[in-house]
Every structure is written in C-alpha cells, then in structure tokens.
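Asks:
In my numbering, the protein residues as written are 968 to 1142.
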C-alpha cells in the first residue's frame, strides 16, 4: 500500500507530505505459532504509534500535528496518547493543535487536572481557555483548584465570554 505521498512545490525545491491512510488486507486464516517474540503486527503497531507521537510533537505543519494527535488518540496506547497531549499543552503555541489536544483529553476517561489548570491559566486565546474550563468542570467537579480557577476567571478574566462562562460553570458546581 501507499505509505507516503509528496507534493513538490513548483520551483521551490520543497515538498509537503500528504497524510495517507494505510489499509491492510484481512489476516489469512492460518494457525499462529506461539512464540515468546512479539508478533510482526504488534511491532508494526508499536512503530506506528511511535511515529504518530513524533509527528504530533515535531512535524513542522500544524495541520499534520493535529491529525497525528487525533490518530494517536485512536490507538491502543491511551497512556502514550495522554502523555503526548500533555506535552503538547506544555510546549505548543498553535491554536489548532492545542484545540486537538484538548479534544483528545475530552474523550479520555480520566484527565490529569494539574496540566490543564496550568494551561487554562496561562493561555492567551479565549476559545482555548473556554475549552479548558469546560474540560476542568467536567473532570474536576470536586477539586478545589478548579473552583478557585473558575472563581478567579469569573472575576477578572480579560475576555467577557470567558468571565461569563466561568461564572456559569462555577454556579453549576454549587451543590
């Protein structure tokens, strides 16, 4: 199958990789030998997951970083997906990629609150603050740090929509 496609830009000597989905034929109905070595499929999947993590963190194209995050979230290694997302929240500056990272966390069973609290308090983009606040209110209902951040933003955030939403979420947390 096709693994990579490149489009060369006219006269610039540069190329852009295009995301290509790979499809595998169904496994043949044969009896697998039991060995102590990992199967070729497991090794290939592990390599694919490592490649997706690298793409999510290092690809120069923000759109491709976002796609890699989404595909990593669909993988079997949810711990690595969460670890990658948290690293993205710490170092990424592109709003599109950060939006993807928050979306991946939204779909997780449990979300580590501390990195999201730090992100919500530090990001300058109002839509990203709103998204982080939604995530925190959903996953950190009983955490006093969430209540404290919501209260602070409801009083003094520079964006009116963020202030209003923080106040609304704060009221939703009241017993």
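Every residue, glycine too, gets a C-beta built ideally from N, C-alpha and C.
Just so you know, these numbers come straight off a predicted model, no measurement behind them.
Helix, strand or coil for residue 998, going by three-state DSSP, please let me know.
Replies: Residue placement at residue 998 is poorly supported in this model, since its pLDDT is 44, which falls under 50; the coordinates still yield a value, given next. Coil, per DSSP.
Asks: What does the alpha-carbon distance come out to for the pair residue 1104 and residue 1050?
Replies: 21 angstroms
Asks: Taking a contact to mean a Cβ-Cβ separation below 8 angstroms, would you say residue 1068 touches residue 1087 in this structure?
Replies: In this structure, residue 1087 does not lie closer than 8 angstroms to residue 1068 by Cβ.
Asks: Considering residue 1075, what are the terminal residues of the alpha helix (DSSP H) in which it resides?
Replies: Unbroken run through residue 1075: none, as it is neither H nor E.
Asks: Following the continuous alpha helix (DSSP H) through residue 1043, name the residue where it begins and the one where it ends.
Replies: Looking at the DSSP string, residue 1043 is not in any alpha helix (DSSP H), and its letter there is neither H nor E.
Asks: If you reduce the DSSP assignment to three classes, tell me which class residue 1025 lands in.
Replies: helix
Asks: Grab me the residues of residue 1028's own chain with a C-beta within less than 6 angstroms of its C-beta, minus the 5 sequence neighbours each way, in chain order.
Replies: Apart from sequence neighbours up to five positions away, no residue of its chain approaches residue 1028 with a beta-carbon distance below 6 angstroms.
Asks: Select from 1059, 1043 and 1096 the residue whose C-alpha is nearest the C-alpha of residue 1022.
Replies: 1059
Asks: Does the beta carbon of residue 1011 sit closer than 8 angstroms to a beta carbon anywhere in chain C?
Replies: Within the model displayed, chain C is absent; a lone protein chain is all it includes.
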